[in-house]
Amino acid sequence: WLGTASMTPEDLAPYTLLTYVYAGSVLLATIVFETSRIEVLRDFAAGRIDAAMRQVDRQFRIVLVMMIALFTVLHGVIALQDYLLPAEYHIGHGQLLLASGYVLAQCVFLRSFWAATGLKKTRAMALNIAAGAVTIAIIGTWSARHLISRAKAGPPSASAMGGDDDGPAATT
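Just so you know, we're using the working numbering here: the sequence shown kicks off at 1416 and counts up by one.
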């Protein structure tokens, strides 16, 4: 919602699409961690910290591999977006790279969340969540707006690079 307050209507389409990509990716990562909830919390409660952390780390590795694979495929799909999406919804590689960075940061957070929950370090976790959310909102809004406007501007014109607008600069 911070992004929508500072973006033009033309910028909102790719931003909204990218938001859904991000949300779906984070939901998938969360589901993977949730599948081991009972086992992890049982191990923590029984004092088997090493076993619980091995399971948390296992889920973390699974999620990292899934997210890297997903975003690698999505970078390939960008080449097909002319056939899949209206031009207003086109996402650039930089925007997708930014989203993948946020998703990977969320995966690190999920690992930390499960460790903090099991070790009952929830006060520190709550402060980190609040600080992280504010930071991500501010940086994410600026980054998305910056990347969208750069993508719309396109490559520099020939005149900006020393040539004329009719083609490349003549060489003698």
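Here a beta-carbon is modelled for each residue, glycine too, at the ideal position from N, C-alpha and C.
### Any 3 or more C-beta pairs closer than 8 Å across the segment 1431-1448 and the segment 1510-1518
Yes, the segment 1431-1448 is in contact with the segment 1510-1518.
#### Entry: Option in Phe-1448, Phe-1528, Ala-1467 and Ile-1446 with minimal Cα separation from Leu-1456
Looking from the CA of Leu-1456, the closest CA among Phe-1448, Phe-1528, Ala-1467 and Ile-1446 belongs to Ala-1467.
### Query
Would you say the segment 1471-1479 touches the segment 1518-1534, given that touching needs at least three Cβ pairs under 8 Å?
Yes, the segment 1471-1479 is in contact with the segment 1518-1534.
### Message
Determine whether the beta carbon atoms of Phe-1604 and Arg-1526 lie at a separation below 7 Å.
### Response
Because the chain in this structure spans residues 1416 to 1587, residue 1604 falls outside the shown range and cannot be described.
### Message
Using the Cβ count rule (16 or more neighbours within 10 Å means buried), how would you classify Leu-1433?
### Response
Buried is the call here.
### Message
Distance check for Ser-1451 and Leu-1489, CA to CA, integer angstroms please.
### Response
Cα to Cα, Leu-1489 sits roughly 27 Å from Ser-1451.
### Query
Taking DSSP as the reference, what is the three-state secondary structure of Gly-1533?
Residue state, collapsed to three classes: helix.
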